[in-house]
Amino acid sequence: MDNIIKALLLECLNSSDFLERSFNPLHVLRPMVALRLGMAAVSAASPLPSSSLIGIRSRTLCLHPFPRRSFPGCGRSHLCSLNVSSNDEASFKGVENVVIIGSGPAGYTAAIYAARANLKPLVFEGFQVGGVPGGQLMTTTEVENFPGFPDGISGPDLMDRMRKQAVRWGAELFQEDVEFVDVRSSPFTIKSSEREVRCHSIIVATGATAKRLRLPREDEFWSRGISACAICDGASPLFKGQVLAVVGGGDTATEEALYLTKYARHVHLLVRKNQLRASKAMQDRVLNSPNITLHFNTEAVDVVSNSKGQMSGVLLRRLDTGEESVLDAKGLFYGIGHSPNSQILEGQVELDSSGYIFVKDGTSKTSVEGVYAAGDVQDHEWRQAVTAAGSGCVAALSVERYLVANDLLVEFHQPVTEEVKKEPTDKDVEWHFDVTLTKHKGQYALRKLYHESPRLLCVLYTAPTCGPCRTLKPILSKVIDEFDQDVHYVEIDIEEDPEIAEAAGIMGTPCVQFFKNKEMIRTVPGVKMKKEYKEFIEANK
Numbered sequence: 001m002d003n004i005i006k007a008l009l010l011e012c013l014n015s016s017d018f019l020e021r022s023f024n025p026l027h028v029l030r031p032m033v034a035l036r037l038g039m040a041a042v043s044a045a046s047p048l049p050s051s052s053l054i055g056i057r058s059r060t061l062c063l064h065p066f067p068r069r070s071f072p073g074c075g076r077s078h079l080c081s082l083n084v085s086s087n088d089e090a091s092f093k094g095v096e097n098v099v100i101i102g103s104g105p106a107g108y109t110a111a112i113y114a115a116r117a118n119l120k121p122l123v124f125e126g127f128q129v130g131g132v133p134g135g136q137l138m139t140t141t142e143v144e145n146f147p148g149f150p151d152g153i154s155g156p157d158l159m160d161r162m163r164k165q166a167v168r169w170g171a172e173l174f175q176e177d178v179e180f181v182d183v184r185s186s187p188f189t190i191k192s193s194e195r196e197v198r199c200h201s202i203i204v205a206t207g208a209t210a211k212r213l214r215l216p217r218e219d220e221f222w223s224r225g226i227s228a229c230a231i232c233d234g235a236s237p238l239f240k241g242q243v244l245a246v247v248g249g250g251d252t253a254t255e256e257a258l259y260l261t262k263y264a265r266h267v268h269l270l271v272r273k274n275q276l277r278a279s280k281a282m283q284d285r286v287l288n289s290p291n292i293t294l295h296f297n298t299e300a301v302d303v304v305s306n307s308k309g310q311m312s313g314v315l316l317r318r319l320d321t322g323e324e325s326v327l328d329a330k331g332l333f334y335g336i337g338h339s340p341n342s343q344i345l346e347g348q349v350e351l352d353s354s355g356y357i358f359v360k361d362g363t364s365k366t367s368v369e370g371v372y373a374a375g376d377v378q379d380h381e382w383r384q385a386v387t388a389a390g391s392g393c394v395a396a397l398s399v400e401r402y403l404v405a406n407d408l409l410v411e412f413h414q415p416v417t418e419e420v421k422k423e424p425t426d427k428d429v430e431w432h433f434d435v436t437l438t439k440h441k442g443q444y445a446l447r448k449l450y451h452e453s454p455r456l457l458c459v460l461y462t463a464p465t466c467g468p469c470r471t472l473k474p475i476l477s478k479v480i481d482e483f484d485q486d487v488h489y490v491e492i493d494i495e496e497d498p499e500i501a502e503a504a505g506i507m508g509t510p511c512v513q514f515f516k517n518k519e520m521i522r523t524v525p526g527v528k529m530k531k532e533y534k535e536f537i538e539a540n541k
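So for the sequence shown, the UniProt record's numbering puts the first residue at 1; every next one is plus one.
Here it is in C-alpha cells:
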C-alpha cells in the first residue's frame, strides 16, 4: 500500500499543476476502488490528472479533479480522491458516515445538508411505526407559515419537495422501519425490517405520533367513523354532507375542523379547556366560521351506534357539571397532540420524563457521543415545521464536524441525476384506452376492466391531499410491475369519482381493493408492507 501511495505522489510531482489550488468539490472513492485506480495508473505508466495535492493526513491522500479524465480499472468517469485508512479495508467496509432515522422536515433537511457535504447519508424514512414517511406534515392540509410559500403549500407537497431535494444531492432513502439500534459501542448498529448497517454517527428524527383517546369502542370504529387524519378520510363518502366532531383545542384540531367544513354539513369542535390553544390566526378562522360550533369544557367519553352497527353519535361529558349527553355525529376526528417516537432508544440515550430525547442546550447532541436528535422527538415546546427543519440542519452540520474531528469522514462522489420518468396522465378517456397496458386511471378504465379483463384487477382509491396515499403509490406500482401480464391496475381519485368510491364502500384513503371475475375478493385499507400485496397477488393471479 505504501508503494502505491509513493507511486501516486511521484505522479503528482510530475504534474505541471502541482502547486495550483483548485476549489472544486472534493470527492472520494472507496479504498479498494481507489487502489485499483492507482495500480492501473502506475502499471500502465499513465499520468494522473492535473491535480492539486491538498494534503496528507492520517495517511489520506486527497486530490482535486482538474481536469476530469478516465482511467483503466476505475469504473468511474474521473479521479476523485484516495482515502487509505490506517485500519485495513475490512474494518472500513460497510460502515456508513451517518444514518438518519426518520423523515419529515427534520430528517429530510438533515439528509439534504449531509448529502451536500458528500457524506452520502443513508435514511430510514420509516413505514408504519410512528406514521408514514414524511411525518406529521403528510396529514396536514395547508402549511401557511413555512418561509418561501406566500400562498401556502400542502404538507404532502412540501415533504415531496424536500424528499426530492435530498435524493438529488445523493441521499439514499429506504421506506423501512428501524427495529433495533445499538449505540453502546462504535461503530453503531442499526437493523431495519430488511437490512443491517453500521455507522459512525446517527441522527434521530423519528418525530411524534398522534395520540388516541382510548375510548371503549375506539378499536371497533377506527376507520369506520373514528380517524386521526382529516385529510386522509374527510373526503370519504361516509362523511360527505354529515355532521362531524373534532376533539382538541390546538392548531391540529382547529385545522382539521376547518378542513372538514369543505365536506361536512356542520362540524363540532370539542375542547376540554375553557379556551383554544391554537394560534390567533387559526382561532379567528374558527370563530368566524358559521359551520363550526365550539364546545368548551367538554370531553368525548365514547361513541354510540345505530341498529345497523354504524356510528351515529358521540357521548359527551361536561367537565364543569359532569352532565352527559349524546351529540349526533357520523364521524369523530382526533387532534389531541402527539407522543415522541423515542422508544427504540430507551435505555441507551437520556430521555426526559415525557419521553423526549434530551439534547444539550443550543445543540442537537444527545447524551451519547456521535448520536444527534432533530425535530419533534426532542422538541416538546415549539413543534413547528420550520424549527424541525432548522434542527435537522444543525444535526447534519454537527455530524460533519464530529466525523472530521475524529478522523472518520469519508466523502462520496455525487450521483449523476437520472431522468425522471413521466407519471401516467390523470384521466383515461375512451379514445386513449388500451387494454394491453397494465396501469390505468379513472372510472372509465375501471368499468371497462371490471367487465372485460380476465386478469386480477387491483384498484387503489386515493385523495389529492392524502399523505399516506403518496407513500403507497410507489410501493404498489413496483409490485404491479413485477406482475405486469397478470394484473390490471386502476387508480381512482375519490374526489373526481365520488360515486365510484361510494359504491365500493370506501371510508378512507388509501384503500386497495382486488377484483376477479367481477367479484371483489379483498379490501386492504391503509399502507401495508410490500410483501403483503405481493403474496396476495401471487396467490390470486
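Don't be surprised by glycine CBs; every beta carbon is placed ideally from N, CA and C.
Neighbour-count burial assignment, residue i, 16 or more Cβ in a 10 Å radius
| i | result |
| --- | --- |
| GLN513 | buried |
| GLN310 | exposed |
| residue 543 | Residue 543 is absent from the structure shown; the chain starts at 1 and stops at 541. |
| ARG470 | buried |
| GLY126 | buried |
| PRO133 | buried |
| ASP379 | buried |
| SER353 | exposed |
| LYS365 | buried |
| HIS451 | exposed |
| GLU491 | buried |
| GLN136 | buried |
| LYS330 | buried |
| VAL432 | The residue you asked about is not Val; residue 432 is His in the sequence shown. Result: exposed. |
| GLN175 | buried |
| GLU255 | buried |
Supposed close pair residue i, residue j - CB separation, criterion 8 Å
| i | j | result |
| --- | --- | --- |
| GLU299 | LEU260 | Actually they are not in contact, since the Cβ atoms of GLU299 and LEU260 sit about 19 Å apart, beyond 8 Å. |
| LYS211 | ILE336 | 5 Å |
| PRO498 | LEU460 | Not confirmed; about 16 Å, so no contact. |
| THR438 | HIS488 | 6 Å |
| ILE226 | VAL303 | 7 Å |
| ALA264 | GLN242 | 6 Å |
| ARG198 | GLY94 | 6 Å |
| VAL326 | ASN291 | Contact doesn't hold; Cβ gap of about 21 Å is too wide. |
| VAL368 | GLN384 | 26 Å between Cβ atoms; not a contact. |
Rounded straight-line distance, which links the Cα of residue j to that of residue i
| i | j | result |
| --- | --- | --- |
| LYS448 | ALA230 | 32 Å |
| HIS440 | CYS232 | 22 Å |
| MET529 | ARG318 | 42 Å |
| LYS473 | VAL246 | 29 Å |
| ASP219 | ASN97 | 42 Å |
| VAL286 | GLY155 | 20 Å |
| GLY250 | LYS534 | 41 Å |
| ILE480 | ALA539 | 14 Å |
| MET159 | ILE521 | 34 Å |
| GLN485 | CYS466 | 29 Å |
| GLU400 | PHE124 | 19 Å |
| HIS338 | THR462 | 25 Å |
| TYR113 | LYS262 | 38 Å |
| PRO424 | ALA501 | At PRO424, the pLDDT of 49 sits below 50, so the modelled position is not reliable and the matter cannot be decided from this model. |
Extent of the continuous alpha helix (DSSP H) run through residue i
| i | result |
| --- | --- |
| CYS199 | No alpha helix (DSSP H) holds CYS199; the beta strand (DSSP E) holding it covers 196–204. |
| PRO340 | Counting along the chain, PRO340 falls outside any alpha helix (DSSP H), though it belongs to the beta strand (DSSP E) covering 338–340. |
| ASP284 | 280–287 |
| TYR108 | 104–116 |
| PHE149 | Counting along the chain, PHE149 falls outside any alpha helix (DSSP H), and DSSP gives it neither H nor E. |
| PHE536 | 530–540 |
Reduced DSSP secondary structure (H/G/I, E/B, other) of residue i
| i | result |
| --- | --- |
| THR465 | coil |
| HIS432 | helix |
| MET138 | helix |
| VAL143 | strand |
| SER46 | Reliability fails at SER46, whose pLDDT of 43 lies under 50, so the model's placement of it is uncertain and no value is given. |
| CYS393 | helix |
| THR252 | helix |
| residue 575 | Residue 575 lies beyond the range of the chain shown here (1 to 541); nothing can be said about it. |
| GLU495 | coil |
| LEU158 | helix |
| LEU173 | strand |
| LYS164 | helix |
Continuous beta strand (DSSP E) stretch holding residue i: start and end
| i | result |
| --- | --- |
| MET520 | 519–525 |
| CYS229 | CYS229 -> no beta strand (DSSP E), and no H or E assigned at all. |
| GLY313 | 311–318 |
| HIS451 | No beta strand (DSSP E) holds HIS451; the alpha helix (DSSP H) holding it covers 443–452. |
| ASP182 | 178–182 |
| TYR263 | That residue, TYR263, is in no beta strand (DSSP E); it is neither H nor E in DSSP. |
| LYS516 | 511–516 |
Beta carbon proximity, residue i to chain C, threshold 8 Å
| i | result |
| --- | --- |
| SER453 | Absent from the structure: chain C. Only one protein chain is present. |
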